[in-house]
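Protein chains in written order, with this note's numbering: chain A, 5 to 376; chain B, 95 to 371; chain C, 4 to 259. Single-structure report; data block below.
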Amino acid sequence: MNTRKLAVFLMWLLSLVLMACGGAPSQPSEPTPQAPAETQGAPVETQAPAKGKIVISNWDAYMPGDLLEKFTAETGIQVELALHATNEEIVGKLVASKGKGFDVVFMTGQFADAMAKMGLLSEIDYTKLPNSANLFEEVKRIPFTKYAVPYTWGTTGLCYRSDLVNYEPDSWYDLLKPKPELVGKITMLSTDRWLLLPAQKALGFSANTTDEQEMQQVKELLIEAKKTLLAYDNTTFYSKLVSGEALLVEAWDGWCNYGIAENPDIRFVIPKEGSDLWVDAMVIPAPSENKEAAYAFIDYVLRPEIGTWVAENILYKVPSRAVMEKLSPDLLNSFPNLAIPPGELLKQEALQDVGEAQSLYSAIVAEVLASE
Amino acid sequence: MVSPILLLGPALTWLVIFLVFPLALIFVYSFLQRSPFGQIVFQPSLDNYLRLFNPTVLRVFLNSLRIAFIVTLLALLLGYPTAYFISSQPSRWKNTLLVLVILPFWTSYLIRTYAWIVLLNREGVLSRFLLGLGLIREPISFLYNDTAIVIGLLYGYLPFMVLPLYSSIERLSPELREASFDLGAPPLRTFWHITLPLTLRGIVTGAIFVFVPSLGNFFVPELLGGGQRFMIGNMINNQFLQARNWPYGSAMAFGVMAIVLALLFFQAWVTRRTEQV
Amino acid sequence: MRLRTWLRLHSTLVYAFLYGPIVMLVILSFNRSGLPTAWGGFSLHWYRELLHNEALLNAALNSVLVAAGSTLVSAVFGTLLAMGLERIARSLVLDAFVFLPMIIPDIVLAIALLSFFTLIELPLSLLTITVSHIVFNIAFVAAIVRTRLSYFDNTLEEASLDLGAPPLKTFFNVTLPLILPGVLAGSLLAFTISLDEFVIAFFTAGPSQPTLPILIYSMVRFGVTPDVNALATVVLSVSALLILISQRLGGTEGFF
Chain A
5 MNTRKLAVFL MWLLSLVLMA CGGAPSQPSE PTPQAPAETQ GAPVETQAPA
55 KGKIVISNWD AYMPGDLLEK FTAETGIQVE LALHATNEEI VGKLVASKGK
105 GFDVVFMTGQ FADAMAKMGL LSEIDYTKLP NSANLFEEVK RIPFTKYAVP
155 YTWGTTGLCY RSDLVNYEPD SWYDLLKPKP ELVGKITMLS TDRWLLLPAQ
205 KALGFSANTT DEQEMQQVKE LLIEAKKTLL AYDNTTFYSK LVSGEALLVE
255 AWDGWCNYGI AENPDIRFVI PKEGSDLWVD AMVIPAPSEN KEAAYAFIDY
305 VLRPEIGTWV AENILYKVPS RAVMEKLSPD LLNSFPNLAI PPGELLKQEA
355 LQDVGEAQSL YSAIVAEVLA SE
Chain B
95 MVSPILLLGP ALTWLVIFLV FPLALIFVYS FLQRSPFGQI VFQPSLDNYL
145 RLFNPTVLRV FLNSLRIAFI VTLLALLLGY PTAYFISSQP SRWKNTLLVL
195 VILPFWTSYL IRTYAWIVLL NREGVLSRFL LGLGLIREPI SFLYNDTAIV
245 IGLLYGYLPF MVLPLYSSIE RLSPELREAS FDLGAPPLRT FWHITLPLTL
295 RGIVTGAIFV FVPSLGNFFV PELLGGGQRF MIGNMINNQF LQARNWPYGS
345 AMAFGVMAIV LALLFFQAWV TRRTEQV
Chain C
4 MRLRTWLRLH STLVYAFLYG PIVMLVILSF NRSGLPTAWG GFSLHWYREL
54 LHNEALLNAA LNSVLVAAGS TLVSAVFGTL LAMGLERIAR SLVLDAFVFL
104 PMIIPDIVLA IALLSFFTLI ELPLSLLTIT VSHIVFNIAF VAAIVRTRLS
154 YFDNTLEEAS LDLGAPPLKT FFNVTLPLIL PGVLAGSLLA FTISLDEFVI
204 AFFTAGPSQP TLPILIYSMV RFGVTPDVNA LATVVLSVSA LLILISQRLG
254 GTEGFF
């Protein structure tokens, strides 16, 4: 028998054991030196008195890179950061774990709405958030803000290459029934609510309609529109505009700005039939055991300097007077949709959870996506 | 000889705790109903299973089967000769070539897919290359259709075919492998009567490794297929995440699993009969 | 001889297919523009970024730990299972059952496991991801090892036992060398799948310790920057270098 082969195999096995022991099995949930220092606030651990620990979940890069560190330095509250990729996934995770494990979660309004209706969120006590005075009064009239503190907001519209499209699109029909030169050069969002939105608005319906008849018309219009599409695209549509692969896309205002940053000929327009008002917000799951610290965190995030960072770096509008009134004219010049006034935004319809009708929505989305 | 408990015990215990128990939970869900806001309410019925028999679900399922089948066939055609080639190399090259098959997959799936988009889009590398050669007059897009999905899936799962094939071909004695090269006998006959039956297990395993994940994949149809071809993986995913209808999503998943299990059962039976001959 | 030439040509093309996008991916790591799919000029910028991106490097380390841990356990359990299924319990039902973890859609297994972990109040961490990955990796390893065990010649083992060698010694001296290529191929596959698995990892992950796919997918919303490509390029280069060295040192005889 060949002992050398055996020795090599055993060494391979041993190295795996060592690697595993060095890491995986000995990873408890408390911070370890391996965890990202930037997201741990570990360096300031010794300076401030510890006041408990909170777990938050957010998209990567959706807040200033040093926010957690500074927050911990100031308050002594340790923060563990989890990352999620989509609203759907974090809601799925929260539902499966009954809301346990997180103290503050960033998510979009209609998802917070659904979570609140499931009883998984705790109601927000705005008196514990002095900095919420910075928010526009109007935004707090949106029903779900009872459970979700607004972080950013915006709308959905058409994003297009003004140098290659020789007219000014201003209607959802420019997307759904395009002129011949745009056929095959159009993308639409693929997430259910935003996939339905253009047809709902084009037909003059509510973006939260639960009427079956209306939804049948929406379905037919979307099946027709699918034939002139290049693709459904949730994530790289602005890149397609820059490369010239697509000329006109359905886009969130903030994401259109990522295209504009690469090519100033890219423009954004809210279609004349109206659109949605989306709000990204912070929620506190009901089982959170450290709500005081969660409020402290949310209040910190509501500070104008954080909002200013978001507007300047994420290129999203922030529902805060203190932030929006002081943005530099240069920025607004480069990204005109940042200057859309709150009054204009509030004319759009806030997306809400549609309850029972969600099954209808999903069935229609499936039929549209599965149509030939 | 060796105690069955030692052999089967660890894996089966693991699977019972971390597979059977959790799945039992989901299996129960599949008979319940969705509350208006997406929670599960206890109203036992067979509704979710009956709802599987609607034209959209069936069409999506058949389309997915068709695409998974094409991908599996192509993977076998591309993979078998490659695995054969690797196993016929001197042993110092074998390891290297085998690891090289899988090395590309130690990078993130997402950025590999982005790379495909850069290669295949209308303004992309391939289109410009063909334009430059004068082979095409207008830029063409190779994306957002079934072909793009097949290419994406084939790319993603080809190593899943090559590895089991290698494992079974490598077992053949070198003499046998050489026979097909050196003896006067037509290689095809040696291959058909000796090599193929002896490596049948590898073929079947590889086919399952490619077929099953292709059927469930939801990412390739979204990114390379431009979301225009809805596959069963997308449908199940959407039920769980977008519709938040876990009971219906569970029923869908169990429906698919039942069919795939039936196929596997049939395959196991055929393989066993062939091997016993 | 013609067959041999044809095999070589075919394999060259297959490798070209496998490495085509990889070449593109490497080129994109030098892309000045931050866009995932549009070119903006040559730059080493993202390699400098990578050096300072601790979050990315840590996530990569987490992924390797999970992949190594789950591969180790499933290599052992899967191999034993394969031998048990092949030798002792020849049952179609058991055969099908072992394939089950492969057939379940990721999202179903993910939600099932998270619900289960919540039920038994197991805190989420890298350990829970590892535990979850072992579930499907066992199936992949067992299936590949079994491809070597069919038609397996038991006489060698029996001879060894008859000569009075203890079963364990027989296993290490006789059985293992014969099935080693299968174990290795299976482990390679398990490691690779675990390294890039997202859905199940996301649902079973605790905070602060994202694996690489979790971090990368969470970057999608505000742009996956090319430092991810730079990382991939570094990983590929280092791996290729190691393979080359081991191939040089390996002499004429590989280890399987």
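Ideal Cβ positions, reconstructed from N, Cα and C, are used throughout, including at glycine.
Distance cut-off 7 Å: Y299/A Cβ against heavy atoms of the ligand GDP: The model depicted lacks the ligand GDP and carries no ligand whatsoever.
Amino acids of chain A, ordered along the chain, whose beta-carbon sits closer than 8 Å to that of T150/B: Taking the second sequence and counting its residues from 1, one reaches residue 150/B at position 56. Per Cβ cutoff of 8 Å: A367, A370, E371 and A374.
For T131/C, three-class secondary structure by DSSP: Walking along the third sequence from the start, residue 131/C turns up at place 128. T131/C falls in the helix class under three-state DSSP.
Beta carbon of I141/C nearer than 8 Å to that of S261/B: The residue you call residue 141/C lines up with position 138 of the third sequence. The residue you call residue 261/B lines up with position 167 of the second sequence. No, Cβ-Cβ distance for I141/C and S261/B is not below 8 Å.
Span separating the alpha-carbon of L199/A from that of K244/A: For the purposes of this step, residue 199/A is taken as the residue at position 195 of the first sequence. For the purposes of this step, residue 244/A is taken as the residue at position 240 of the first sequence. Going by the C-alpha atoms only, they are around 18 Å apart.
Reduced DSSP category for L358/B - H, G, I as helix; E, B as strand; rest coil: On the second sequence, position 264 is the one that residue 358/B refers to. Three-state result, L358/B: helix.
Per DSSP, the bridge partner or partners of R165/A: The count along the first sequence starts at 1 and reaches residue 165/A at position 161. Paired residue(s): I270/A.
I310/A versus E124/C - alpha carbon distance: Counting from one through the first sequence, the residue named residue 310/A turns up at place 306. Counting from one through the third sequence, the residue named residue 124/C turns up at place 121. Rounded to the nearest angstrom, the two C-alpha atoms are 36 Å apart.
6 Å CB neighbourhood of F155/B in its chain, flanking five on each side removed: Numbered from its first residue, the second sequence carries residue 155/B at position 61. Residues of the same chain with a CB within less than 6 Å of the CB of F155/B, apart from the 5 flanking positions on each side, are I326 in chain order.
Of the listed residues L193/A, T76/A and A298/A, nearest to I128/A (C-alpha basis): Counted from its first residue, the first sequence places residue 128/A at position 124. Closest by alpha carbon: A298/A.
CA-to-CA distance, D280/A to P175/B, given in whole angstroms: Here residue 175/B refers to the residue found at position 81 of the second sequence. Here residue 280/A refers to the residue found at position 276 of the first sequence. A direct Cα-Cα distance of roughly 55 Å separates P175/B from D280/A.
Same chain only: Cβ atoms within 8 Å of Y220/C, ignoring 5 sequence neighbours per side: Your numbering for residue 220/C matches position 217 in the third sequence. Within its own chain, the residues whose Cβ lies closer than 8 Å to the Cβ of Y220/C, once the five positions on either side in sequence are excluded, are F201 and F205, listed in chain order.
Within chain B, partners of R51/C - CB distance below 8 Å: Taking the third sequence and counting its residues from 1, one reaches residue 51/C at position 48. Simply none; closest approach about 19 Å.
Minimum Cβ-Cβ distance from I217/C to chain A less than 8 Å: Indexing the third sequence from 1 puts residue 217/C at position 214. Taking a beta-carbon distance threshold of 8 Å, I217/C counts as an interface residue toward chain A.
Top-ranked residue by Cα proximity to I245/B, from T166/B, I288/B, L144/B and I134/B: One-based indexing of the second sequence puts residue 245/B at position 151. Comparing Cα positions, the closest option is T166/B.
Beta carbon proximity, P184/C to chain A, threshold 8 Å: The sequence position of residue 184/C within the third sequence is 181, counting from 1. Under the 8 Å criterion on CB atoms, P184/C is classed as non-interfacial with respect to chain A.
Per-residue contacts from S210/A into chain B (C-beta, under 9 Å): What you label residue 210/A is simply residue 206 of the first sequence in a count that begins at 1. Under the 9 Å cutoff, chain B gives no residues; its nearest Cβ is about 18 Å from S210/A.
Cβ of P130/B within 8 Å of any chain C Cβ: What you label residue 130/B is simply residue 36 of the second sequence in a count that begins at 1. Not an interface residue.
Reference N138/A; option with closest CA among E360/A, V153/A, L125/A and E73/A: Position 134 of the first sequence holds residue 138/A. Answer by Cα proximity: V153/A.
Straight-line gap, T50/A to V314/A (C-alpha atoms, nearest Å): Indexing the first sequence from 1 puts residue 50/A at position 46. Indexing the first sequence from 1 puts residue 314/A at position 310. Confidence at T50/A is low in this model, with a pLDDT of 42, below 50, so its placement is unreliable and the value that follows should be read with caution. Taking the straight line from one Cα to the other gives about 29 Å.
Contact residues within the stretch 55 to 67 of chain A, judged by C-beta distance below 9 Å to chain C: Against chain C - using a Cβ distance shorter than 9 Å - the residues of the stretch 55 to 67 of chain A are V59, I60, S61, N62, W63, D64, A65 and Y66.
C-beta neighbour in chain B for Q250/C, strict 8 Å: If you number the third sequence from 1, residue 250/C lands on position 247. Yes, contact with chain B.
Contact list for Y22/C against chain A, beta-carbon separation under 7 Å: Residue mapping note: residue 22/C aligns to position 19 of the third sequence, counting from 1. Residues of chain A passing the Cβ test: none, with the nearest at roughly 23 Å.
Cutoff 8 Å: T289/B Cβ touching any chain C Cβ: In the second sequence, residue 289/B corresponds to position 195, counting from 1. Chain C contact via Cβ: absent.
Cβ pair count under 8 Å reaching 3, the stretch 97 to 113 of chain C against the stretch 34 to 54 of chain C: Two segments are said to touch when three or more pairs of C-beta atoms, one from each, lie closer than 8 Å; by this definition the stretch 97 to 113 of chain C does not touch the stretch 34 to 54 of chain C.
Contact with chain A by L247/C, beta-carbon distance below 8 Å: The count along the third sequence starts at 1 and reaches residue 247/C at position 244. At a cut-off of 8 Å between beta carbons, L247/C makes no contact with chain A.
8 Å contact criterion, which L117/C and S101/A should meet: CB distance rounded: As a position in the third sequence, residue 117/C is number 114, starting the count at 1. As a position in the first sequence, residue 101/A is number 97, starting the count at 1. Indeed they touch by this definition, with Cβ atoms about 6 Å apart.
C-alpha distance - Q114/A paired with P275/A, whole-angstrom precision: In the first sequence, counting from the first residue as 1, residue 114/A sits at position 110. In the first sequence, counting from the first residue as 1, residue 275/A sits at position 271. CA-to-CA, the gap between Q114/A and P275/A works out to about 22 Å.
Where F139/C meets chain A, residues with beta-carbon distance less than 7 Å: On the third sequence, residue 139/C is found 136 positions in, with the first residue counted as 1. In chain order: nothing, as chain A lies at least about 17 Å away.
C-beta neighbour in chain C for V354/B, strict 8 Å: Residue mapping note: residue 354/B aligns to position 260 of the second sequence, counting from 1. Yes, V354/B lies at the interface with chain C (some Cβ there is under 8 Å from its Cβ).
From L179/C, L84/C, V26/C and I25/C, residue whose alpha carbon lies closest to that of P98/B: In the second sequence, residue 98/B corresponds to position 4, counting from 1. Considering only alpha carbons, the answer is L84/C.
Inter-residue CB distance, G319/B and A209/B (contact presumed, cutoff 8 Å): Sequence index remark: in the second sequence, residue 319/B carries index 225 (1-based). Sequence index remark: in the second sequence, residue 209/B carries index 115 (1-based). 16 Å between Cβ atoms; not a contact.
Validate contact between the stretch 250 to 261 of chain A and the stretch 179 to 197 of chain A using beta carbons, cut 8 Å, 3 pairs: At 8 Å Cβ cutoff, the stretches touch.
Environment of A78/C [buried if 16+ CB atoms lie within 10 Å]: Your numbering for residue 78/C matches position 75 in the third sequence. Classification for A78/C: buried.
Residue burial classification, T240/A (beta-carbon count within 10 angstroms, cutoff 16): Start at 1 with the first residue of the first sequence, and residue 240/A comes out as number 236. Flag for T240/A reads buried.
Cutoff 8 Å: F100/C Cβ touching any chain A Cβ: Counted from its first residue, the third sequence places residue 100/C at position 97. For F100/C, the answer is no, since every Cβ of chain A falls outside 8 Å of its Cβ.
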